[in-house]
Amino acid sequence: DGGITQSPKYLFRKEGQNVTLSCEQNLNHDAMYWYRQDPGQGLRLIYYSQIVNDFQKGDIAEGYSVSREKKESFPLTVTSAQKNPTAFYLCASSLGGGRWNNEQFFGPGTRLTVL
Amino acid sequence: RKEVEQDPGPFNVPEGATVAFNCTYSNSASQSFFWYRQDCRKEPKLLMSVYSSGNEDGRFTAQLNRASQYISLLIRDSKLSDSATYLCVGTNFGNEKLTFGTGTRLTIIP
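Chains as they are written, first to last, in my numbering: chain A, 24 to 138; chain B, 43 to 152.
Laid out in structure tokens, this is it:
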């Protein structure tokens with residue numbers, strides 16, 4: 024089945040620890056994205072990547088890092104520098120390339136809770 | 043002003059009724075628009091894409107008014123299963139990024 028997978032579904036972390044969220048897609052999409060969603064707020068873009076080995080900061084990149092070594096994978100690291108990391112993290116992918124039909128498809132999300 | 047603005051609701055609508063949401067956008071360079079549906083504690087799922095003046099899919103109709111910079115979503119003969127949050131989404135120039143509204147919460151009442 025084609026799709027986007029994220030793991031784990033729930034993640035608990037102690038303050039001061041770094042944690043890496045996994046995102047994998049087998050849709051052959053060029054572009055991948057990371058968002059966070061907080062209650063009562065829309066999705067906010069953290070990082071995005073239009074092609075392998077390239078990525079750009081989104082609107083709220085501080086305290087996060089990413090890599091794009093493979094087309095299928097776009098892991099997100101939440102570092103200890105992120106002041107308020109508890110949130111619902113969503114990964115998405117799209118055909119990319121600035122196409123007009125650039126719909127994004129989402130993985131099931133990871134809920135991160137900092138204890 | 044937010045790039046994409048939606049009435050947060052909630053909209054409480056009886057089953058079988060017609061309901062309409064509006065969404066305004068500020069970036070006149072936005073080329074494409076989308077409506078996503080998000081169920082509680084789930085990921086957003088694409089409902090409709092809007093590239094020209096509008097789109098229709100069964101009970102759902104989306105319309106785009108570029109002159110007034112708004113997009114609407116109409117749901118006819120609403121079902122209990124339509125209860126969800128509906129996200130209005132626009133693209134930036136170049137279609138690299140999406141900008142999400144905060145969503146409109148809809149509850150269909152039996």
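Glycine included, C-beta positions come from ideal geometry on N, C-alpha and C.
- Message: Cutting at 6 angstroms between CB atoms, please list the residues of its own chain near Val75 of chain A, excluding the five before and the five after it.
- Response: Translated into positions along the first sequence, residue 75 of chain A becomes position 52. Take Val75 of chain A, set aside five residues on each side of it, and the residues of its chain with a beta-carbon closer than 6 angstroms to its own are Arg91 and Lys94, in chain order.
- Message: Among B:Gly58, B:Asp124 and B:Val92, whose alpha-carbon lies nearest the alpha-carbon of Gln111 of chain B?
- Response: Here residue 111 of chain B is taken as the residue at index 69 of the second sequence, counted from 1. It is B:Val92 whose Cα lies nearest to the Cα of Gln111 of chain B.
- Tell me whether Ser117 of chain A is buried or exposed, calling it buried when 16 or more other Cβ atoms sit within 10 Å of its Cβ. Position 94 of the first sequence holds residue 117 of chain A. Ser117 of chain A is buried by the Cβ-count criterion.
- Item | Endpoints, beta strand (DSSP E) assigned at Gln48 of chain A | On the first sequence, residue 48 of chain A is found 25 positions in, with the first residue counted as 1. Residues Val42 to Gln48.
- Message: Give me the chain B residues within the contact set of Gly130 of chain A, using Cβ-Cβ distance strictly less than 7 angstroms, ordered along the chain.
- Response: As a working note, residue 130 of chain A is residue 107 in the first sequence. The answer, in chain order, is Glu85.
- The beta strand (DSSP E) spanning Ala110 of chain A covers which residue range? Within the first sequence, numbered from 1, the residue matching residue 110 of chain A stands at position 87. Per DSSP, Ala110 of chain A belongs to the beta strand (DSSP E) from Ala110 to Ser117.
- Message: Which of the three DSSP states is assigned to Leu122 of chain B in this structure?
- Response: Sequence index remark: in the second sequence, residue 122 of chain B carries index 80 (1-based). In the three-state reduction of the DSSP assignment, Leu122 of chain B falls in the helix class, which pools H, G and I.
- Task: Mind listing the chain A neighbours of Phe76 of chain B? Cutoff is C-beta to C-beta under 7 angstroms, in chain order.
- Result: The residue you call residue 76 of chain B lines up with position 34 of the second sequence. In chain order: Glu126.
- Between Lys44 of chain B and Asn97 of chain B, what straight-line distance do the alpha-carbon atoms span, to the nearest angstrom? Working through the second sequence from its first residue, we reach residue 44 of chain B at position 2. Working through the second sequence from its first residue, we reach residue 97 of chain B at position 55. Distance between the alpha carbons of Lys44 of chain B and Asn97 of chain B: 25 angstroms.
- Does at least one heavy atom of the ligand NAD sit under 7 angstroms from the Cβ of Lys93 of chain A? This structure does not include the ligand NAD; it has no bound ligands of any sort.
- Message: Applying the 10 Å Cβ sphere with the 16-neighbour rule, what's the burial state of Ser68 of chain B?
- Response: Within the second sequence, residue 68 of chain B is the residue found at index 26, counting from 1. Exposed, by the Cβ-count rule.
- Item | 6 angstroms CB neighbourhood of Arg134 of chain A in its chain, flanking five on each side removed | Within the first sequence, numbered from 1, the residue matching residue 134 of chain A stands at position 111. Take Arg134 of chain A, set aside five residues on each side of it, and the residues of its chain with a beta-carbon closer than 6 angstroms to its own are Tyr33 and Phe111, in chain order.
- Message: Residues of chain E with CB closer than 7 angstroms to the CB of Gly143 of chain B, please, in chain order.
- Response: The structure shown contains no chain E; the protein chains it does contain are A and B.
- Item | CB contact below 8 angstroms: Thr133 of chain B versus chain A | Here residue 133 of chain B refers to the residue found at position 91 when the second sequence is read from its first residue. For Thr133 of chain B, the answer is yes, since a Cβ of chain A falls inside 8 angstroms of its Cβ.
- Message: Strictly below 7 angstroms CB to CB, what residues from chain B border Gly26 of chain A?
- Response: The count along the first sequence starts at 1 and reaches residue 26 of chain A at position 3. Correct list: empty, because the minimum Cβ distance to chain B is about 11 angstroms.
- Message: Once DSSP output is grouped into helix, strand and coil, what is the label at Ala54 of chain A?
- Response: Sequence index remark: in the first sequence, residue 54 of chain A carries index 31 (1-based). Ala54 of chain A falls in the strand class under three-state DSSP.
- Query: So what does DSSP say about Phe97 of chain A, is it helix, strand or coil?
  - Reply: Your numbering for residue 97 of chain A matches position 74 in the first sequence. Looking at Phe97 of chain A - three-state DSSP - the assignment turns out to be coil, as it is neither helix nor strand.
- Starting from Ser127 of chain B, follow its DSSP beta bridges and name the residues at the other end. The residue labelled residue 127 of chain B in the question sits at position 85 within the second sequence. Residue identity check: residue 127 of chain B is Thr in the sequence provided, not Ser. Answer by DSSP bridge pairing, in chain order: B:Gln80 and B:Arg147.
- Item | CA nearest to the CA of Ile83 of chain A, picked from A:Asp77, A:Leu66 and A:Gln73 | Mapped onto the first sequence, residue 83 of chain A falls at position 60. Minimum Cα distance to Ile83 of chain A is reached at A:Leu66.
- Item | Residues bridged to Tyr67 of chain B (per DSSP) | Position 25 of the second sequence, counting from 1, holds the residue named residue 67 of chain B. Looking at the DSSP assignment, Tyr67 of chain B forms a beta bridge with B:Val46.
- Task: Measure the alpha-carbon distance for Glu85 of chain B versus Phe129 of chain A and round it to whole angstroms.
- Result: Looking up residue 85 of chain B in the second sequence gives position 43. Looking up residue 129 of chain A in the first sequence gives position 106. Looking at the two C-alpha atoms, the distance is approximately 6 angstroms.
- Going straight from the alpha carbon of Ser74 of chain B to that of Cys130 of chain B, what length do you get? Stepping through the second sequence from its first residue, residue 74 of chain B is reached at position 32. Stepping through the second sequence from its first residue, residue 130 of chain B is reached at position 88. Approximately 11 angstroms between the Cα atoms of the pair.
- Alpha carbon of Gly86 of chain A to alpha carbon of Arg118 of chain B, nearest angstrom: Within the first sequence, residue 86 of chain A is the residue found at index 63, counting from 1. Within the second sequence, residue 118 of chain B is the residue found at index 76, counting from 1. Between Gly86 of chain A and Arg118 of chain B, the C-alpha separation is close to 44 angstroms.
- In its own chain, which residues sit with a C-beta less than 8 angstroms from the C-beta of Lys37 of chain A, not counting the 5 before and 5 after it? By one-based count along the first sequence, residue 37 of chain A stands at place 14. Here the set comprises Val137 and Leu138.
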